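Engineer: Sending over a structure as structure tokens; questions will come in a sec.
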Amino acid sequence: MDSKVAIDASLDPTTTTTTTTTVLPVEEKKTFGKRPLKTALLHLAIWVPLTAFIIALCINGKGKSGYEFAIVVYVFISLRLLAQHVSMSKLIYAPLGKLFGMLFGWIPRTIPEKFQMPIAGALYIVILVAIACGLPVTETGTIPQRLQSIAGMIVMSLVLYASSSNRKAVNWRTVVVGFFLQLIIAIFILKTQAGVNIFNFLSNFIAMFLGESKFGLEFVLGDTASNPFKYTFAVSVLPAILFFCSFITIVYYLGGMQYLVGKFAWLMVRLMDTSGAESVVAAASPFIGQGESALMVKPFVEFMTRSEIHASMVSGFATISGSVLLALVNYAGNSPQSTSTILASCLMSMPGSLVAAKLRYPEEEESITKGFVKVPENEEKDANLLDAAAKGAAIGVQLALLIAGSLIAIIALFHCANDVVAWAFWMVNVPNWIDASQSVKIELLLSYLFYPVALCIGVAPESARKAGEFMATKIVVNEFVAYSQLSAAAFNTSITLADGSHPLSGALDPRTVRLLTLALCGFANIASIGIQLSIFGVIAPARKKDYAELALSAMLTGAMSTWLSAAVAGALL
Numbered sequence: 001m002d003s004k005v006a007i008d009a010s011l012d013p014t015t016t017t018t019t020t021t022t023v024l025p026v027e028e029k030k031t032f033g034k035r036p037l038k039t040a041l042l043h044l045a046i047w048v049p050l051t052a053f054i055i056a057l058c059i060n061g062k063g064k065s066g067y068e069f070a071i072v073v074y075v076f077i078s079l080r081l082l083a084q085h086v087s088m089s090k091l092i093y094a095p096l097g098k099l100f101g102m103l104f105g106w107i108p109r110t111i112p113e114k115f116q117m118p119i120a121g122a123l124y125i126v127i128l129v130a131i132a133c134g135l136p137v138t139e140t141g142t143i144p145q146r147l148q149s150i151a152g153m154i155v156m157s158l159v160l161y162a163s164s165s166n167r168k169a170v171n172w173r174t175v176v177v178g179f180f181l182q183l184i185i186a187i188f189i190l191k192t193q194a195g196v197n198i199f200n201f202l203s204n205f206i207a208m209f210l211g212e213s214k215f216g217l218e219f220v221l222g223d224t225a226s227n228p229f230k231y232t233f234a235v236s237v238l239p240a241i242l243f244f245c246s247f248i249t250i251v252y253y254l255g256g257m258q259y260l261v262g263k264f265a266w267l268m269v270r271l272m273d274t275s276g277a278e279s280v281v282a283a284a285s286p287f288i289g290q291g292e293s294a295l296m297v298k299p300f301v302e303f304m305t306r307s308e309i310h311a312s313m314v315s316g317f318a319t320i321s322g323s324v325l326l327a328l329v330n331y332a333g334n335s336p337q338s339t340s341t342i343l344a345s346c347l348m349s350m351p352g353s354l355v356a357a358k359l360r361y362p363e364e365e366e367s368i369t370k371g372f373v374k375v376p377e378n379e380e381k382d383a384n385l386l387d388a389a390a391k392g393a394a395i396g397v398q399l400a401l402l403i404a405g406s407l408i409a410i411i412a413l414f415h416c417a418n419d420v421v422a423w424a425f426w427m428v429n430v431p432n433w434i435d436a437s438q439s440v441k442i443e444l445l446l447s448y449l450f451y452p453v454a455l456c457i458g459v460a461p462e463s464a465r466k467a468g469e470f471m472a473t474k475i476v477v478n479e480f481v482a483y484s485q486l487s488a489a490a491f492n493t494s495i496t497l498a499d500g501s502h503p504l505s506g507a508l509d510p511r512t513v514r515l516l517t518l519a520l521c522g523f524a525n526i527a528s529i530g531i532q533l534s535i536f537g538v539i540a541p542a543r544k545k546d547y548a549e550l551a552l553s554a555m556l557t558g559a560m561s562t563w564l565s566a567a568v569a570g571a572l573l
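So the sequence shown is numbered by full-length UniProt numbering: it starts at 1 and just counts up by one.
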């Protein structure tokens, strides 16, 4: 391609100025042969055995646990390798775009723009109600209970909209499409056989993965790792965090994490009309957690708009990290049902956090990453796999110590505050009106504040106050304590609700347990505000004031996002 020269000359009575700008030739991207032959042969050597394995699996392994998951992983790896050598945009994305235009291009031509999103929103509600009424009654949901979740979802959305920083600036495309994506994820995981099989396999795999850390622990502690105290938090959970951090750093070194996060973010940018930076953070948060996800877009953080900063913080509060996932699975009972529920909440939080964030704090500025997705390379490239594993373990040690230290301090402070509250009520002769054998606690007082929230996600009225206690514990203390209490209550035959007139039959009912498993799955608590402020303050010190001003709003919005995900799932249970 020849170079082009643009000349802009402007004359005035005294001088003549000529400005010459040279536009360098732009090399057109190749359709095929993007990598050298040596690289192609290496990738072929990887792909051929994988293909042989999948063929053998299709012949002999159909119906076995993990069959669907293996197929999904094979397709993912094949597309990843193929993208290294051919132009996916020319061969796949462009034709798909044309097909999409042929199928749905009539919509903007026939329906005025101002009516498109209201119609889409109404269609979403109709579809959700139809699904809720069409599903059979199960132990986890009846038609009235599902309709209660839908009504609660609408109420919580209206609360976010009413408290919006600028209601006129809300991008309804982001909101409506985000809800549709949430619904699709929930249906796939909770209601399709393929989704159930895949996530049941993942649940069993995570349980096995959680146990792998015991081998390293036994080497360090010897017989101590096998004694009756092996189920304590320090021995059963913290080693798993170290192990997972090391594993995820290896995946990051191999480029798998960047690719996966990039594709999720690309999808959200195209469908939800969000910026690239906030989409990458939202896609990364379920994998690497709050604050750290912003490191994936570190070069852009300093230039983010306030709405993007708010959305990035919400994404961190609205979900949990992969390392903590292993810990919460252990606390939530380590069953396939609880694990798949937690995984569903994590994936639903990707679009869900952006929905809640953009309702609460819509975009009013121009983002420098609007319309494109870029996951920058890590500034410090690991030397090899062993170096990546070692650095991951070091990060895991810091994270484990941070979690352990936070738990020790926060739980101690919470019990201290509880003692003060109990003493104050004892001094004025006011006993615990639910259980006279117990003192009045902060959770009891806050349970009434969270009672309507529990109703909104679909919990039965007779269970809503007790559910409010777990939700209050999660906000005031953290998700670890809330899940441990939920796990104990789910199998505790002595649990009663309200004034004792509505005892549960042996344990918390299955629907309440499933909904709370979803509603508690996030980092939205008071202590996490300090964690996020410290991390973001290191990434971009110049924006500390913005982080401080937006932190409380982001935490509450992140909690609301998790509750919205629970309500959407509640319409399907």
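Heads up, the beta-carbon is just placed ideally off N, CA and C, and yes, glycines get one too. As the structure is a computational prediction, the values presented were derived from the model and not from experiment.
#1: For residue 25, is the classification buried or exposed, using 16 other Cβ atoms within 10 angstroms of its Cβ as the cut-off for buried?
#2: The alpha helix (DSSP H) spanning residue 521 covers which residue range?
#3: The alpha helix (DSSP H) that contains residue 432, what's its start and end?
#4: Compute the Euclidean distance between the alpha carbons of residue 341 and residue 50, then round it to the nearest angstrom.
#5: Can you give the Cα-Cα distance for residue 389 and residue 190, rounded to whole angstroms?
#6: Does the Cβ-Cβ distance between residue 417 and residue 131 come in under 8 Å?
#7: Is the beta carbon of residue 302 less than 8 Å from the beta carbon of residue 543?
#8: Determine the closest residue to residue 262 out of 243, 250, 145, 287, with distance taken between C-alpha atoms.
#9: With the cut-off set at 8 Å, would you say residue 410 and residue 477 are in Cβ contact?
#10: Measuring alpha carbon to alpha carbon, tell me which residue in 563, 298, 573 is nearest residue 155.
#11: Please give the ranges of any alpha helix (DSSP H) in the segment 522 to 558, keeping only runs that are unbroken, at least 4 residues long and fully inside the region.
#12: Taking only the alpha-carbon atoms, compute the straight-line gap between residue 255 and residue 320 and give it to the nearest angstrom.
#13: With C-beta atoms as the reference, is residue 277 less than 8 Å away from residue 557?
#14: With H, G and I counted as helix, E and B as strand and the rest as coil, what does DSSP make of residue 269?
#15: Given this structure, state the Cα-to-Cα distance separating residue 192 from residue 45, to the nearest angstrom.
#16: Rounded to the nearest angstrom, how far is the Cβ of residue 245 from that of residue 393, given a contact under 8 Å?
#17: Between the segment 107 to 119 and the segment 72 to 90, do at least 3 Cβ pairs fall closer than 8 Å?
#18: Which residue comes first and which comes last in the alpha helix (DSSP H) that contains residue 154?
#19: Could you work out which residue in 298, 407, 401, 148 is closest to residue 535 when comparing CA atoms only?
#20: Using the Cα positions of residue 284 and residue 129, report the straight-line distance between them to the nearest angstrom.
#21: In angstroms with no decimal places, state the Cα-to-Cα distance between residue 415 and residue 566.
#22: Apart from the five residues just before and just after residue 473, which ones in its own chain have a Cβ nearer than 8 Å to its Cβ?
#23: Could you give the distance in angstroms between the alpha-carbon of residue 383 and the alpha-carbon of residue 397?
#24: Leaving out five residues on either side along the sequence, give the residues of the same chain with a beta carbon under 6 Å from the beta carbon of residue 202.
#25: Contact between the segment 509 to 517 and the segment 455 to 464: three or more CB pairs below 8 Å?
#26: Cα-Cα, which of 194, 247, 136 is closest to residue 391?
#27: Leaving aside the five residues before and after residue 559 along the sequence, list all residues of the same chain whose C-beta is less than 6 Å from its C-beta, in chain order.
#28: Would you check if the segment 34 to 45 and the segment 70 to 77 touch, i.e. whether three or more CB-CB distances between them fall below 8 Å?
#29: Relative to the C-alpha of residue 152, which residue among 457, 438, 186 is closest?
#30: In whole angstroms, what separates the C-alpha of residue 184 from that of residue 158?
#31: Tell me the DSSP secondary structure of residue 261 in three-state form.
#32: Over what stretch of residues does the alpha helix (DSSP H) that includes residue 116 continue unbroken?
#33: Taking residue 95 as part of the alpha helix (DSSP H), name the residues at either end of that continuous run.
Structural biologist: Reading from the atomic positions:
#1: The predicted model places residue 25 with a pLDDT of 47, which falls under 50 and marks its position as unreliable; any figure quoted below should be read in that light. With fewer than 16 Cβ atoms within 10 Å of its Cβ, residue 25 is classed as exposed.
#2: Residue 521 -> no alpha helix (DSSP H), and no H or E assigned at all.
#3: Segment: none, residue 432 is in no alpha helix (DSSP H) and carries neither H nor E.
#4: 30 Å
#5: 34 Å
#6: no
#7: yes
#8: In terms of Cα proximity to residue 262, the closest of 243, 250, 145, 287 is 287.
#9: Yes; because the gap between Cβ atoms is below 8 Å, this pair is in contact.
#10: 563
#11: Every alpha helix (DSSP H) stretch that sits fully inside the segment 522 to 558 and reaches 4 residues is listed by chain position as 526 to 539.
#12: 22 Å
#13: Cβ distance not < 8 Å, so residue 277 and residue 557 don't count as in contact.
#14: helix
#15: Rounded to whole angstroms, residue 192 to residue 45 spans 35 Å at the Cα level.
#16: Under the criterion of beta carbons closer than 8 Å, residue 245 and residue 393 qualify as touching, at roughly 7 Å.
#17: Contact fails: fewer than three Cβ-Cβ distances are below 8 Å.
#18: 143 to 162
#19: With respect to the C-alpha of residue 535, the residue from 298, 407, 401, 148 having the closest C-alpha is 298.
#20: 31 Å
#21: 29 Å
#22: 443, 481, 482, 485
#23: 20 Å
#24: none
#25: yes
#26: 247
#27: 524
#28: no
#29: 457
#30: 22 Å
#31: helix
#32: In this chain, the alpha helix (DSSP H) harbouring residue 116 covers 113 to 134.
#33: 94 to 104
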